[in-house]
Each structure stands twice: as structure tokens, then as C-alpha cells.
Amino acid sequence: MRFKRIYIEIGNICNLNCSFCSKGIRPKRQMDEAEFRHVIQQIKPYTKYVYFHIKGEPLMHPLLGIFLDICAEFGLLVNLTTNGTLLPEIAELLLSKPALRQVNISLHSFSAHDGIDTEKYLDTILKFSQKASLEHRKFIVLRLWNLDKNRGADEASCDIMAKIRTFFHFKGNLAALMSTQRSVMLEKGIFISWEEEFLWPSLSHPVVTDEGICHGARNMLGILADGTVVPCCLDANGEAPLGNIFTESMCSIVESKQLQTVAASFTNQRIVLPLCQRCTYRIRFNQPDSRLVPPR
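All residue numbers for the sequence shown refer to UniProt numbering, where the first residue is 1 and numbers rise by one.
#1: List the residues that DSSP assigns as beta-bridge partners of tyrosine 7.
#2: Leaving out five residues before and five after lysine 97 in sequence, what residues of the same chain have Cβ atoms less than 6 Å from its Cβ?
#3: Taking three-plus beta-carbon pairs below 8 Å as touching, is the region 218 to 235 in contact with the region 48 to 56?
#4: Near valine 262, what residues of its chain come up, given a Cβ to Cβ distance below 7 Å and the 5 sequence neighbours on each side ignored?
#5: Please confirm if the region 24 to 36 is in contact with the region 5 to 12, defined as three or more CB-CB distances below 8 Å between the two stretches.
#6: Kindly identify the DSSP beta-bridge partner or partners of leucine 144.
#7: Locate the beta strand (DSSP E) running through methionine 185, then write down its first and last residues.
#8: Please classify arginine 143 as buried or exposed, where buried requires at least 16 other C-beta atoms within 10 Å of its C-beta.
#9: Can you list, in chain order, the residues of its chain whose CB lies under 6 Å from that of glutamate 239, leaving out five sequence neighbours each side?
#10: Excluding sequence positions up to five away, which residues of its chain have a Cβ less than 6 Å from the Cβ of glutamate 187?
#11: Along the alpha helix (DSSP H) that carries leucine 199, what are the first and last residues, could you check?
#12: Would a C-beta distance cut-off of 7 Å place valine 208 and arginine 278 closer than the cut-off?
#13: What does the alpha-carbon distance come out to for the pair isoleucine 66 and lysine 48?
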């Protein structure tokens, strides 16, 4: 069994406190070098792509450069998701690492915080994006979780898109394209994507449905900073644990009856995990829209 991607939460510590993020109940921690190397050794047979994501800001980790080198050593490619506020201090390190394939930048993060210079922030992000793509052949995705139920955006998001359009000399109307497309290429290797903001699943939420499909445990897995293996990147508090990679082998977790049952149930459009029964994000996978993809 192989997965299209495995999310690794190298740390659950963040420099922002955004309203759209679920509130963490787990102790704050970051993986050390030995733990991370162990994780990579264990997951190497199961995927080609790892994602530094789930919760926390990966650019805050002091061993980020070493972690990227370890991924290169094992031939794994890394997609990294960041709020972008720390890029000025770490951009050169990131761009020097061969294992880094893609950087996803959540542009909605800064708008939730006073004290962040919008113009300076966006200028840094856009210049980094262009340099990363043109000089280092990295993929960049500028992400906005800004759509309302009618696929429209608020004034602040429209202002951001106007600045992006001007910077890249993009001829199309990004605000208009939102209604028909999930992403648009701004330049070679640089994309902007947008989607509806979602509610992080929690066992405290009411059940939505026990029917439907999902990519969890079939195309993806997540590994939290404490080693807990979860079905997907939205299990931010480890409420659907499938095992722990620090105490069990990845092989035993993947081949366990629990994981196999979860994967088979999704394939058969049945939802057996209580957390997943309460997840509203997966409902979009049941819609007749081939553009819909898992959160990255």
C-alpha cells in the first residue's frame, strides 16, 4: 500500500493565532533530529512526497534545514505550507535545499492579525515566489481560503488579488475566475488557489453523515509531532489515532486491521470513524466537481 502524500507535523508551534485554525489541545512540541530521521526511514517505502503541514509553522523549526537534507538523503520530495511571515529570515535556506519541491503560502493568515504590514508582507511573498520559480524551479502556490457559499470574496481578498495581478502582469480578472476555477497559473510554476474556508473536524461537533468518500487513509496519512498517525491532515488533535510511529513500525500500522478497515470503508462510501462522521470538509468530495482536491 502506497500513499500519494504523507503529512508530517514537524512541530505544532505557530507564531500566529488565527481564528480559522482549530484550537490546539495537545502539548506544544517539535520533533528532534532522531525522531524525524526515524519517521523518514519508516515512511520511505510508502510515499514519494511528504508535506510539512497539519498544525504549527514549519519555518519556526530550528532544524528545518537538516530535516530537508534528511529528506533528500532518502529521495523524498517536500511540499511545505507556511503563513509566510518568516520568509525574510529563511528564504535563502529554503531555496538552497534540493528536496524542497513546493511552497504553499497561506495568504489569509496575515489578514487576521493587526501589526503586520500588508504591503511589506505581500511584497516579500511575491518576490520570493518569483525567485523560487525562476531561479530555483520550485513550485509556489499562493492560497486563499476566502470564498463564500456563492464563490465570492470579501474586499480584503479582492485587494490582495489586485496586488498579485499587478505584480505578475496577469491579464485576466482573478476575482471573476474564482467562480469557475480552483486555481490559476500566474507565471510558470506560480499558482494562486482559492477555496471555501472550512471548519476543522472535532469529536465535539455533531455528526454530519456516515456516508461518503474521502482521501484519508487511502491517498494520504498524517503524522503528528508526537508520532501519532492519523488518517489525514485535518485531524489536528489526534482524535482518530491509527497508531504511533515512535512506538510501532509503519508497516504494522499500515497493515493493521484498523487502518485497512478505514480505507476500505471510504472506498465503499461508508464512514466508520467518529471524527470523520463529523467532518464537513470531506463532503465536497461527493460533489460532481472534478476540480476538488484534498487540502494541501
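Where is the CB? At the ideal position from N, CA and C, for every residue including glycine.
The relevant details are as follows:
#1: Mapped onto the sequence shown, residue 7 falls at position 7. According to DSSP, which records beta bridges pairwise, tyrosine 7 is partnered with Tyr51, Gly222.
#2: Translated into positions along the sequence shown, residue 97 becomes position 97. Closer than 6 Å at Cβ, skipping near neighbours: Leu68.
#3: yes
#4: Against the sequence shown, residue 262 aligns to sequence position 262. These residues qualify, in order along the chain: Ala217, Pro231, Val272, Leu273.
#5: yes
#6: Position 144 of the sequence shown, counted from the start, is the residue given in the question as residue 144. Trp194, per the DSSP bridge assignment.
#7: The sequence position of residue 185 within the sequence shown is 185, counting from 1. 183 to 187 is the span of the beta strand (DSSP E), which, as asked, contains methionine 185.
#8: Within the sequence shown, the letter at position 143 stands for residue 143. Per the 10 Å Cβ criterion, buried.
#9: Within the sequence shown, residue 239 is the residue found at index 239, counting from 1. Cβ within range, chain order: Leu203, Leu275.
#10: As a first step, residue 187 must be located in the sequence shown, where it is residue number 187. So the list reads Phe168, once near-sequence residues are dropped.
#11: By one-based count along the sequence shown, residue 199 stands at place 199. Element bounds for leucine 199: n/a, residue is neither H nor E.
#12: Locating residue 208 in the sequence shown gives position 208, counting from the first residue. Locating residue 278 in the sequence shown gives position 278, counting from the first residue. Contact: yes.
#13: As a position in the sequence shown, residue 66 is number 66, starting the count at 1. As a position in the sequence shown, residue 48 is number 48, starting the count at 1. Taking the straight line from one Cα to the other gives about 18 Å.
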